[in-house]
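Working notes for the structure below.
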Amino acid sequence: MGWHQVSIIARLIPHGSTTGKPYYRCIAAYRHQCLFEIPPLAAPRFLTLIKNEDNAEIIRDELRRAQYKYGHRRKRPLMPTMPCPYTLHLLVQAWNMDLGSAEDAYVSDVSNDSTLDPNLGRFDKDNNEGISIIDVTDPSDPGYCFVYRPGGEPMDMKGYIAEYFGMSDMQKLAESGKTEPTTRIAVSAVKAVSDLEGMRVLTSDALAEAWPDVYNIGDPSPEPHSTESAELQKQIVPSLVDLTLSPAVDNALASNDIEQLEYLLMIPGKSELVKKFLMTKNPLPDSGTALLTNIITHEFESTSRVILDLSGYTYLSSDQVVHIVNALADTLPDRILSLKLSGNQNISTMTVVEVLKAFPQLLRLVLLNTSITKNQLLELVSTSPNLFFNLHDLVHPAFL
């Protein structure tokens with residue numbers, strides 16, 4: 001058995017930045033004693049976990065809370081050992097557990113004892129089984145690579161396996177149908193390559209930005225990242241909606257006559273544009289709340305969805321949130337199983353109480369980046385535990 005290090009990187013804006021310029025840096029590092037075949041299986045498991053939207057929204061929030069918080073290149077304030085605990089938890093789970101097959105189930109020491117200091121400007125240990133590096137800046141589009149030695153060039157999955165075996169030999173052995181242990185390793189290797197086909201592979205520039213001391217460079221400039229263009233597109237959408245829909249919607253809201261928009265909402269794609277427009281209204285008038293409720297009701301009635309996502313409507317007041325959930329409880333009884341209220345700075349624990357009364361069937365409630373503090377939510381849970389008995393997931397920083 002050898003040692004393998006896993007490092008998670010993300011682009012963060014340093015503490016004290018006046019430009020808002022993000023840099024790649026390590027946010028979690030873990031050292032694992034394992035056989036060769038574990039990293040090729042664990043890396044795809046971790047990438048699958050972070051792309052799952054339930055996990056991705058928590059990772060995004062951990063990164064949001066880390067922006068402007070830590071110094072650049074080991075300047076103070078330094079990161080704690082676990083600045084993004086949920087992201088690290090997923091990593092530890094992926095590297096220490098494989099329950100995908102009853103015959104080949106794998107469980108190791110599922111603990112954080114092997115967590116490394118993310119402030120280290122180098123690969124600190126002797127990792128004779130190489131290093132995995134995974135970029136979670138955008139959990140929906142993660143990147144990865146393997147490095148076999150500190151300062152080495154990044155490799156994809158096929159390149160990492162080739163450090164041990166020829167891929168053509170692995171392919172032949174995997175197809176041979178033999179039952180010896182080497183065949184199992186070959187099958188795992190071929191599957192790992194297939195699982196990561198098309199996945200973004202990190203460049204040496206990204207690694208140099210995260211570990212400039214290892215790669216002997218000065219102060220690197222960040223390479224363009226796909227999330228930047230996505231953010232620009234998000235900023236452009238409301239302006240386009242403004243030009244095409246704002247007069248009609250504004251008139252309907254001002255006159256409290258949303259029925260005049262029924263013809264518009266029947267056109268494919270228009271209801272999504274109206275929803276995006278409503279996201280920009282601050283404050284959103286009560287007529288807008290009624291319009292939003294109608295659109296949501298129609299969407300649920302015409303699909304099989306069970307998740308109500310109000311996280312984009314950050315200007316909703318607490319009363320408006322309660323009005324929407326009560327209305328939907330009448331029109332869609334027992335239908336909504338998951339509710340997202342992230343980003344809303346107007347809600348309180350009383351909002352949570354009313355939501356859980358309206359939706360007793362709720363299984364998941366997401367409250368990331370809201371005005372509800374840890375102490376407030378913990379007090380509500382301790383004084384009114386019956387409200388939460390049916391919930392499977394209560395997602396809030398108090399529990400992360």
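In case it helps, UniProt numbering puts the sequence shown at residues 1 to 400.
Built from N, CA and C at the ideal position, the CB exists for glycine as well.
Within the same chain, show all residues whose beta-carbon is closer than 7 Å to that of residue i, passing over the 5 residues directly before and after it, in chain order.
i, result
"LEU195", "A small correction: the amino acid at residue 195 is Asp; Leu does not occupy that position in the sequence shown. Around ASP195: PRO44."
"GLY151", "VAL214, TYR215"
"PHE300", "LEU332, ARG335"
"ALA327", "THR293"
"ASN119", "ARG74, LEU78, MET79"
"VAL136", "ILE8, ALA10, ILE50, ILE59, THR87, PRO142"
"ALA358", "VAL325, ASN326, ALA329"
"THR297", "LEU328, THR331, LEU332"
"ASP126", "TRP3"
"residue 401", "Not covered by the structure: residue 401. The range shown for the chain is 1 to 400."
Assuming the contact rule is C-beta atoms closer than 8 Å, residue i and residue j should be a hit. Round their C-beta distance to whole Å, please.
i, j, result
"SER338", "ILE307", "4 Å"
"MET363", "VAL395", "Correcting the residue identity first, residue 363 is Leu in this sequence and not Met. The Cβ separation is near 11 Å, so there is no contact."
"HIS4", "SER114", "Incorrect: roughly 10 Å between the Cβ atoms, too far for contact."
"LEU91", "VAL6", "6 Å"
"LEU207", "ILE133", "7 Å"
"PRO22", "ALA189", "In fact, because the Cβ distance is near 35 Å, the residues do not count as touching under 8 Å."
"VAL352", "LEU380", "6 Å"
"ARG64", "ALA210", "So it is not a contact: roughly 19 Å between Cβ atoms."
"MET199", "LEU47", "7 Å"
"HIS72", "PRO139", "With 8 Å as the limit, HIS72 and PRO139 do not qualify as a contact, their Cβ atoms being about 23 Å apart."
"PRO83", "ILE131", "That belief does not hold up - the Cβ atoms of PRO83 and ILE131 are roughly 20 Å apart, past 8 Å."
Note down, in chain order, each residue of its chain lying with its Cβ closer than 8 Å to the Cβ of residue i, except the 5 sequence neighbours on either side.
i, result
"LEU310", "LEU316, VAL321, ILE324, LEU339, LYS340, LEU341, ASN344"
"SER371", "ASN344, GLN345, ASN346, ILE347, SER348"
"SER204", "GLU153, PRO154, TYR215"
"PRO238", "Unreliable positioning characterises PRO238 in this predicted model, as indicated by a pLDDT of 49, which lies under 50. The coordinate reading is nonetheless provided below. These residues qualify, in order along the chain: LYS276, PHE277, MET279, THR280."
"SER295", "Looking at the sequence shown, residue 295 is not Ser but Ile. Here the set comprises LEU265, SER271, VAL274, LYS275."
"LEU245", "LEU264, LYS270, LEU273, VAL274, PHE277"
"SER318", "ASN346, ILE347, SER348, MET350, THR351"
Which term fits residue i, buried or exposed, when burial requires 16 or more other beta carbons within 10 angstroms of its beta carbon?
i, result
"PRO283", "exposed"
"PHE389", "exposed"
"THR383", "exposed"
"PHE399", "exposed"
"GLY288", "buried"
"ALA254", "exposed"
"SER304", "exposed"
"MET170", "buried"
"ILE267", "exposed"
"ASN256", "exposed"
"TYR263", "exposed"
"ASN375", "exposed"
"GLU62", "buried"
"TYR30", "buried"
"TYR160", "buried"
"ASP117", "exposed"
"GLU197", "exposed"
"PRO247", "exposed"
"TYR313", "buried"
"GLN233", "Residue placement at GLN233 cannot be trusted, given a pLDDT of 45 that sits under 50; what the coordinates show is reported in the next sentence. Label assigned to GLN233: exposed."
"TYR70", "buried"
Excluding the 5 residues preceding and the 5 following residue i in the sequence, name in chain order all residues of the same chain whose CB lies nearer than 6 Å to its CB.
i, result
"GLY2", "ASN128, GLU129"
"GLN361", "ASP334"
"residue 414", "Past the edges of the chain, shown from 1 to 400, lies residue 414, and the structure says nothing about it."
"residue 407", "Since the first residue of the chain shown is 1 and the last is 400, residue 407 is not available in this structure."
"ASN386", "none"
"LEU378", "ALA398"
"ALA174", "ALA186, VAL187, VAL190"
"ASP393", "ARG364"
"ARG149", "none"
"GLU163", "TYR148"
"GLN93", "none"
Between residue i and chain D, is the shortest Cβ-Cβ distance under 9 Å, so that the two count as touching?
i, result
"GLN320", "In the structure shown, chain D does not exist; there is a single protein chain."
So does the region 168-182 actually touch the region 134-154, counting three or more Cβ pairs closer than 8 Å?
no
With a threshold of 8 Å, are at least 3 pairs of Cβ atoms found where one atom belongs to the region 47-63 and the other to the region 18-26? no
Exercise for review: Could you tell me which uninterrupted beta strand (DSSP E) segments, each at least 3 residues in length, are contained entirely in the region 116-188, listed from first to last along the chain?
Suggested key: DSSP runs (the beta strand (DSSP E)) wholly in the region 116-188: 131-135, 143-147.
With a floor of 4 residues, list each alpha helix (DSSP H) that falls wholly inside the region 32-86, ordered by position along the chain.
38-51, 53-66
Quick one: complete alpha helix (DSSP H) runs, 4+ long, within the region 280-321?
286-301
Self-check item: Complete beta strand (DSSP E) runs within the region 358-390 (minimum length 3 residues, chain order)
Solution: 364-366
Could you name each continuous alpha helix (DSSP H) segment of 4 residues or more that falls completely within the region 256-281, going from the start of the chain to the end? List check, alpha helix (DSSP H) in window: 262-265, 270-279.
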